[in-house]
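Since the structure comes first, as structure tokens, the remarks are kept for the end.
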Amino acid sequence: MVRWQPAASERLQKAALELFGSRGFDETTVADIALAVGLTERTFYRYFADKREVLFSGQGEFEQLFLGALAKTRGHTYPFDTVGRALSDVCSIFGPFTEERRPYSRLRQAVILAHRELQERELLKMHSLSRALGAALRERGVAEPTASLAAESGVMLFRLSFEQWVAPGEGRSLSAIEHDMFAELRAMTATLQESSQVGSTRIVADH
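Numbering (our numbering), first residue to last: 105 to 311.
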């Protein structure tokens, strides 16, 4: 029997994802995953509570990645710019979302999209991230509802950028996609602000 190895969790994750993709999530058992890498079910449960957690392990590290980037942002006047700078750092070529990681992320996304319960779990993951970012902004003195709006907008921006990054045929880096989407969101916000100002001016003129 193969002994418990330091890299066993990564091997189990890789094997599980491959089995989910080829056999289906529901059809794959914990025993199948463990057997694929020459380990026992007992070893599997040392790392993961169940097969679903193979796809969602590392929630704390995931949130800390964003919180760490946010903590390094200083000098930005507007909370949304602060969150945007943090997202840019997370999505940079020096972050975890590398080209080598894209095939794994694509397969993971496909498995999640095929199962409603996994989609719900992914939404909870993003909601938890939004709450964490909002709390961090409030600790920096950002008032509500601005803190929550900035955090929610930032998480939405990341989610849409990530979904595009793993889309079939997409070749741009996550950093490039995030940059384009951030610019699009800023332009849309500016347009809405201009429309609001024009409307206010007309109301004043009518009176």
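Heads up, the beta-carbon is just placed ideally off N, CA and C, and yes, glycines get one too.
Bear in mind the structure is a predicted one, so any value in this text is a computation, not a measurement.
- Following the DSSP letters along the chain, one finds A111 in no alpha helix (DSSP H), marked with neither H nor E.
- Going by beta carbons, E282 and L191 fall inside the 8 angstroms limit.
- DSSP, read as helix, strand or coil, puts V270 in coil.
- The criterion of a C-beta distance shorter than 8 angstroms is not satisfied by I137 and L159.
- C-alpha of P200 to C-alpha of L139: approximately 28 angstroms in a straight line.
- The criterion of a C-beta distance shorter than 8 angstroms is satisfied by A236 and L171.
- Non-local C-beta neighbours of F262 in its own chain, meaning closer than 6 angstroms and more than five positions away in sequence, comprise L191, ordered along the chain.
- Rounded to whole angstroms, the gap between the alpha carbons of E256 and S234 is 6 angstroms.
- K155 sits in coil when the DSSP states are folded into three classes, being neither helix nor strand.
- In the displayed model, F201 falls within coil according to three-state DSSP, outside both helix and strand.
- Secondary structure of Y149 (DSSP, three-state): helix.
- About 4 angstroms separates the CB atoms of R210 and V270; that is less than 8 angstroms, so the two are in contact.
- Rounded to whole angstroms, the Cβ separation of L174 and T186 is 7 angstroms, and the two are in contact under 8 angstroms.
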